[in-house]
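Residues 20 to 259, numbered by my numbering, are exactly what the sequence shown covers, in order.
For glycine and all other residues, C-beta sits at the position ideal for the given N, C-alpha and C.
Predicted model only: the values in this text are computed from it and were never measured.
Inspection log for the structure reproduced underneath, given as structure tokens.
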Amino acid sequence: MKLTDFKALTFDCYGTLIDWESGMIDGMKPLTERTGRHLSRNEILEAHARHESSQQKWTPERRYRDLLAIVYKRLAEEWGVVVTREECTAYGESVKDWPAFADSAKALQYLKQHYKLIILSNVDNKSVSFSNKKLGVDFDAIYTAEDIGSYKPSERNFDYMLEKLGTIGVAKGQILHTAESMFHDHVPASRLGLKSCWIYRRHADQGFGATMHPVDMPKVDFRFDSMADFAKAHAQELRG
């Protein structure tokens with residue numbers, strides 16, 4: 020199997036192309052600085068993952084930025100901090116400020132010459148529009164949880180994507196699903212028989228950070244530590 024075998028790359032955006040963990044840490048500083056105790060970066064991210072995953076399960080119809088406001092409130096309760104509704108809402112709106120990884124835009128601009136590029140994201144349409152500006156390419160399609168009415172890792176999101184990609188001439192076997200999150204992306208992609216590429220952004224860290232533990236590690240077909248490494252490997256294939 021080669022990277023050049025595929026026609027389309029379907030991306031998880033947040034954690035893969037956008038550095039959501041750094042964005043979360045910065046966005047939660049007004050809360051974490053008031054806890055009265057030291058919380059490590061991973062402790063904050065893992066607590067966030069617990070509440071986010073739970074909220075996505077219970078309120079799948081809620082837009083991501085509104086869901087994040089509830090996550091902020093639940094974290095404040097867990098850590099014994101009183102917060103206002105305005106503070107919770109401000110955290111939800113902070114997605115627009117989350118930075119792109121330094122290599123994302125350049126890698127995507129290269130890959131756009133060789134593939135259709137698609138986003139399958141849990142984030143709402145308004146928030147994605149801000150992030151898209153940071154990534155420097157026009158995606159061929161963007162499918163969000165707001166469009167679909169459910170959140171990954173639901174297979175429903177992938178079924179929706181596959182149906183819609185069929186309308187633009189992309190078959191399931193032509194897709195390489197490219198993502199960081201085992202829990203949100205590689206587990207359901209593996210169940211559905213999609214070929215996959217793991218962008219292991221957390222290769223120098225421990226644990227799963229802002230995503231839940233996948234329980235069982237799924238099979239992936241390719242692994243790179245960055246989007247820059249992915250683009251480099253593709254270019255090397257073309258050179259033979």
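Residue from Thr163, Ala119, Tyr91, Lys115 with nearest C-alpha to glutamate 106 | On the sequence shown, residue 106 is found 87 positions in, with the first residue counted as 1. That would be Tyr91, whose Cα lies nearest to the Cα of glutamate 106.
Since aspartate 122 contacts methionine 246 with CB under 8 Å, what's their CB separation in whole angstroms?
-> Against the sequence shown, residue 122 aligns to sequence position 103. Against the sequence shown, residue 246 aligns to sequence position 227. With 8 Å as the limit, aspartate 122 and methionine 246 qualify as a contact, their Cβ atoms being about 5 Å apart.
Close-in-space but distant-in-sequence residues of the same chain around valine 100 (CB under 7 Å, 5 per side omitted) | Here residue 100 refers to the residue found at position 81 when the sequence shown is read from its first residue. Leu50, Arg53, Thr54, listed in sequence order.
For the segment 72-89 and the segment 233-246, state whether three or more C-beta atom pairs, one from each stretch, are separated by less than 8 Å.
-> no
Going straight from the alpha carbon of glutamate 174 to that of threonine 163, what length do you get?
-> Mapped onto the sequence shown, residue 174 falls at position 155. Mapped onto the sequence shown, residue 163 falls at position 144. Each residue's alpha carbon lies about 13 Å from the other.
Which runs of the beta strand (DSSP E) spanning at least 3 residues fall entirely within the segment 122-179, listed in chain order?
-> Along the segment 122-179, the beta strand (DSSP E) occurs as fully enclosed runs of 3 or more residues at 135-140, 160-163, listed in sequence order.
Is it true that the CB of valine 156 sits closer than 9 Å to the CB of lysine 183?
-> As a first step, residue 183 must be located in the sequence shown, where it is residue number 164. As a first step, residue 156 must be located in the sequence shown, where it is residue number 137. For lysine 183 and valine 156, no; Cβs fall outside 9 Å.
What does DSSP give as the partner residues of alanine 198 in its beta bridges?
-> Counting from 1 along the sequence shown, the entry for residue 198 is found at position 179. Under the DSSP definition of a beta bridge, alanine 198 partners with Trp217.
Option nearest serine 73 by Cα separation, candidates Met231, Ala252, Ala250 = The residue labelled residue 73 in the question sits at position 54 within the sequence shown. Looking at the Cα atoms, Met231 is the closest of the given residues.
DSSP-derived helix/strand/coil call for phenylalanine 249 | If you number the sequence shown from 1, residue 249 lands on position 230. In this structure, phenylalanine 249 counts as helix in the three-state DSSP scheme.
Near aspartate 139, which residues of its chain fall below 6 Å by C-beta distance, leaving aside the five closest residues on each side in sequence?
-> On the sequence shown, residue 139 is found 120 positions in, with the first residue counted as 1. One point to set straight first is that residue 139 is leucine, not aspartate, in the sequence displayed. The residues are Thr29, Tyr162, Met180.
Kindly indicate which three-state DSSP category leucine 22 falls into: helix, strand or coil?
-> For this step, residue 22 is matched to residue 3 along the sequence shown. Helix at leucine 22.
Classify alanine 66 as buried or exposed, calling it buried when 16 or more other Cβ atoms lie within 10 Å of its own Cβ.
-> Within the sequence shown, the letter at position 47 stands for residue 66. Burial is judged here by how many other beta carbons sit within 10 angstroms of a residue's own beta carbon; alanine 66 has at least 16 and is buried.
What is the residue span of the alpha helix (DSSP H) that arginine 93 lies within?
-> Walking along the sequence shown from the start, residue 93 turns up at place 74. Counting along the chain, the alpha helix (DSSP H) containing arginine 93 begins and ends at 83-98.
Can you check whether the CB of serine 59 is closer than 9 Å to the CB of valine 114?
-> For the purposes of this step, residue 114 is taken as residue 95 along the sequence shown, with counting starting at 1. For the purposes of this step, residue 59 is taken as residue 40 along the sequence shown, with counting starting at 1. Their beta carbons are not under 9 Å apart, which means valine 114 does not touch serine 59 by this criterion.
Does the beta-carbon distance from glycine 46 to alanine 229 come in below 9 Å?
-> Taking the first residue of the sequence shown as 1, we reach residue 46 at position 27. Taking the first residue of the sequence shown as 1, we reach residue 229 at position 210. The answer is no: Cβ separation not under 9 Å.
So, are the CB atoms of asparagine 141 and histidine 203 less than 9 Å apart?
-> Taking the sequence shown and counting its residues from 1, the one referred to as residue 141 is at position 122. Taking the sequence shown and counting its residues from 1, the one referred to as residue 203 is at position 184. Contact flag set, yes.
How is the beta strand (DSSP E) around arginine 104 delimited, first residue to last?
-> Translated into the one-based positions of the sequence shown, residue 104 becomes position 85. Looking at the DSSP string, arginine 104 is not in any beta strand (DSSP E); the run it does join, the alpha helix (DSSP H), is 104-112.
Alanine 66: first and last residue of the uninterrupted alpha helix (DSSP H) it sits in = Taking the sequence shown and counting its residues from 1, one reaches residue 66 at position 47. Start and end: 60-77.
On the premise that serine 146 lies in contact with arginine 84, defined as a C-beta separation below 8 Å, what is that separation, rounded to the nearest angstrom?
-> Within the sequence shown, residue 84 is the residue found at index 65, counting from 1. Within the sequence shown, residue 146 is the residue found at index 127, counting from 1. So it is a contact: roughly 5 Å between Cβ atoms.
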